[in-house]
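Line by line, the protein sequences are chains A and B. Going letter by letter, the first sequence gives residues 472 to 812 in this note's numbering. Going letter by letter, the second sequence gives residues 3 to 172 in this note's numbering. Before any comments, here is the structure.
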Amino acid sequence: MTRAAQPVTNDPIVEQAADWIVRLTADDPGERILAQAGYDAWKQADPRHAEAALRIEHVVQRMHAVRSDGVTQPARSALHAAFCGKARRTGVRRTATALVLAGVFALPVWLTVQAYPPAYLLADIRTATGEWNSRMLADGTQITLSTRSAVNLSFDEKSRTIELVSGEILVDVAPDSARPFIVETAHARIRALGTRFAVSRETGFTVLTMLESKVAIKAAQQADINVADGRVIIAGQRVRISADSIGPVEGIDVRSVQESWNFHQLVVADRPLPDVLDELSRHRPGRIQYRREKLADIKVSAVLPLNDTDKALQLLAASFPGLRIRTMTPYLVMVDVPASW
Amino acid sequence: MSFVPSSDAVAQLYENHYSWLFGWLRKKLRCSHNAADVAHDTFVRIIVSRDALIGMREPRAFLTTTAQRLLVDRTRRRIIEEAYLAELTLIADTLPGFPSPEETLATLQALEQIGSALECVSVKAREAFLLHYLEDEPHAAIAARLGVSTRMVHKYLVQCLLHCDRMRLE
Chain A
472 MTRAAQPVTN DPIVEQAADW IVRLTADDPG ERILAQAGYD AWKQADPRHA
522 EAALRIEHVV QRMHAVRSDG VTQPARSALH AAFCGKARRT GVRRTATALV
572 LAGVFALPVW LTVQAYPPAY LLADIRTATG EWNSRMLADG TQITLSTRSA
622 VNLSFDEKSR TIELVSGEIL VDVAPDSARP FIVETAHARI RALGTRFAVS
672 RETGFTVLTM LESKVAIKAA QQADINVADG RVIIAGQRVR ISADSIGPVE
722 GIDVRSVQES WNFHQLVVAD RPLPDVLDEL SRHRPGRIQY RREKLADIKV
772 SAVLPLNDTD KALQLLAASF PGLRIRTMTP YLVMVDVPAS W
Chain B
3 MSFVPSSDAV AQLYENHYSW LFGWLRKKLR CSHNAADVAH DTFVRIIVSR
53 DALIGMREPR AFLTTTAQRL LVDRTRRRII EEAYLAELTL IADTLPGFPS
103 PEETLATLQA LEQIGSALEC VSVKAREAFL LHYLEDEPHA AIAARLGVST
153 RMVHKYLVQC LLHCDRMRLE
């Protein structure tokens, strides 16, 4: 979450020091010589100047010191990872379009109609909205269900199959060489060759996130999986699988994914706000209403609590002053960017 | 606990709200070890930053905000550490010598401070700063890359230096 910028109360002397120090590395050699002379004179003029100069020089030295033997790559990667295009507002369009209020009034009706599907209600293990459930299965496999998730288990002497009916699961597979471990969705068949991975069932596709070891996958319309064939996805990779194809592999940060499961947090780096709202929405009853195209330009990097989505929304509101988040009822939250912004 | 509250205000805050904060964190983190760690660090941070008095009006909101920030900082620290070490391992062969654990730790601390200091500056300012002080790119090259004037690059660099300086003092 972006920390609110403190009111800038810079000491003018420190500002001057920083200004001189930047001039010292100007591109033009003549300018640099002049700057050096000016800087030296300025420092001598007042002991406070010299003190401020030391402070800023120290910052520059520190910056140089993070290169290991002059190699900048690790430091650069680390800082880029830290920022990952930190939360920023990039050109939020100011088109003055009022929200379609009809949608708001129709919503409660729509919400009532949107009952849980029967497959969910009949599943072997399921979680309600905002609920998490971790348990150990008969074979020692650890399974965690995120919010609004449901699975069916069919374990026999030949195989262990988990059908993901809806939502998202994290499995830590117990080794059993005799019985392969398979996760099935409408879109994919995922066969564990190792231990830990998460599977999320979305509309129209399934997302597999590998945390440890590897799995072999096949899209539903491909033939049965053997260990020998099927595409192999390894730890640190994420892939989107639809019924007829497997999407490109995307890199993920294993630790932050693991963390989000452990601490029930949503860890995002530079994700469009609508994606973040979708995710929060899965963890709260009712609905978060917004217009995707209006918010798509807002990128979020944050760690948000999934078990307290009100708090998560408050944190978002605090980080994006232009964003308006209104709780119409406990079941309907509206998010928009007021036109004046 | 390994610290002594430095003022009555903190002592009072601690006495009245520590167990509540611990409970809040334990619920949030689902792990009492982590919760105890973060609760402890929260008070340490309050003592160090000396803004306990500001927090007295809304002590619980203040405590949770501080704890929340700590959690964010912890995540950032981990991200920095992981990215740094991964990259360092990758290029280890090309380095004359692998940095000692002390050097690595010092670098990580510096990176974390820089990361935290530059969090609230603009993306371009940050990029200019890294290009110049890390990569030694000249002002004009940075200006061209970011699509801004060299005057602007100058301003960005001054701004970032000041942010880093302030962070160091905090």
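All C-beta atoms, glycine included, are put in the ideal place defined by N, C-alpha and C. From a predicted model like this one, the values you see are computed outputs, not experimental measurements.
Counting contacts by CB-CB distance shorter than 8 Å, is residue i in contact with chain A?
i: T77/B; result: yes
i: H35/B; result: no
i: D167/B; result: yes
i: I116/B; result: yes
i: L107/B; result: no
i: L31/B; result: yes
i: I49/B; result: no
i: R28/B; result: no
i: L113/B; result: yes
Confirm, please, whether the CB-CB distance from residue j to residue i is below 8 Å.
i: S548/A; j: E89/B; result: yes
i: L110/B; j: Y86/B; result: yes
i: R78/B; j: E114/B; result: yes
i: A621/A; j: S637/A; result: yes
i: T68/B; j: T106/B; result: no
i: L786/A; j: R758/A; result: no
i: E639/A; j: S684/A; result: no
i: G737/A; j: E750/A; result: The sequence given here has Leu at residue 737/A, not Gly. A contact, by the Cβ cut-off of 8 Å.
i: S145/B; j: M154/B; result: Per the sequence shown, residue 145/B should be read as Ala rather than Ser. Yes, they are a contact pair.
i: V654/A; j: T612/A; result: no
i: A119/B; j: Y158/B; result: no
i: R526/A; j: A112/B; result: no
Could you check what DSSP says for residue i in three-state terms: helix, strand or coil?
i: S118/B; result: helix
i: R795/A; result: strand
i: S790/A; result: helix
i: E60/B; result: coil
i: G149/B; result: coil
i: N18/B; result: helix
i: A37/B; result: helix
i: D807/A; result: strand
i: N441/A; result: No answer is possible for residue 441/A: the residues shown for chain A start at 472 and end at 812.
i: R660/A; result: strand
i: S637/A; result: strand
Does chain B have any CB closer than 8 Å to the CB of residue i?
i: I527/A; result: yes
i: L550/A; result: yes
i: S811/A; result: The predicted model places S811/A with a pLDDT of 47, which falls under 50 and marks its position as unreliable, so this point remains unresolved.
i: I492/A; result: yes
i: D544/A; result: The question names Asp, yet the displayed sequence has Gln at residue 544/A. For Q544/A, the answer is yes, since a Cβ of chain B falls inside 8 Å of its Cβ.
i: R742/A; result: no
i: D627/A; result: no
i: D768/A; result: no
i: R538/A; result: yes
i: A497/A; result: yes
i: M607/A; result: no
i: A669/A; result: no
i: R533/A; result: yes
i: E486/A; result: yes
i: V747/A; result: no
i: A489/A; result: yes
i: A690/A; result: no
i: V530/A; result: yes
i: A553/A; result: yes
Here's the rule I'm using: 16 or more other beta-carbon atoms within 10 Å means buried, otherwise exposed. How should residue i be labelled?
i: I688/A; result: buried
i: S731/A; result: buried
i: H529/A; result: exposed
i: I705/A; result: exposed
i: H535/A; result: exposed
i: S102/B; result: exposed
i: I769/A; result: buried
i: V678/A; result: buried
i: P500/A; result: exposed
i: I717/A; result: buried
i: A567/A; result: A caution first: A567/A carries a pLDDT of 28, below 50, which makes its placement in the model unreliable, though a value can still be read off. That one is exposed.
i: S617/A; result: buried
i: R763/A; result: exposed
i: R660/A; result: buried
i: L505/A; result: exposed
i: K29/B; result: exposed
i: A508/A; result: exposed
What in chain E is Cβ-close to residue i, meaning under 7 Å?
i: R547/A; result: Any reference to chain E falls outside this structure, whose protein chains are A and B.
May I ask you to check if the CB of residue i is nearer than 7 Å to at least one heavy atom of the ligand ATP?
i: I484/A; result: The ligand ATP is not part of the structure shown, which contains no ligands of any sort.
| Residues within the segment 775 to 795 of chain A neighbouring chain B, beta-carbon criterion of under 9 Å | P776, N778, D779, K782, L786
| Just by C-beta distance, which residues in the segment 60 to 91 of chain B are closer than 8 Å to chain A? | For the segment 60 to 91 of chain B, residues whose beta-carbon sits nearer than 8 Å to a beta-carbon of chain A comprise Q70, R71, L73, V74, T77, R78, R80, I81, I82, E83, E84, A85, Y86, L87, A88, E89, L90.
| Interface residues of the segment 137 to 167 of chain B facing chain A [CB-CB below 7 Å] | Of all residues in the segment 137 to 167 of chain B, only E137, P140, H141, A142, H156, L159, V160, L163, L164, C166, D167 place a beta-carbon less than 7 Å from a beta-carbon of chain A.
| Members of the segment 633 to 657 of chain A near chain B, C-beta cut-off 8 Å | none
| field | the segment 705 to 736 of chain A: positions lying closer than 8 Å to chain B by Cβ | value | D724, R726, S727, E730, N733, F734, H735
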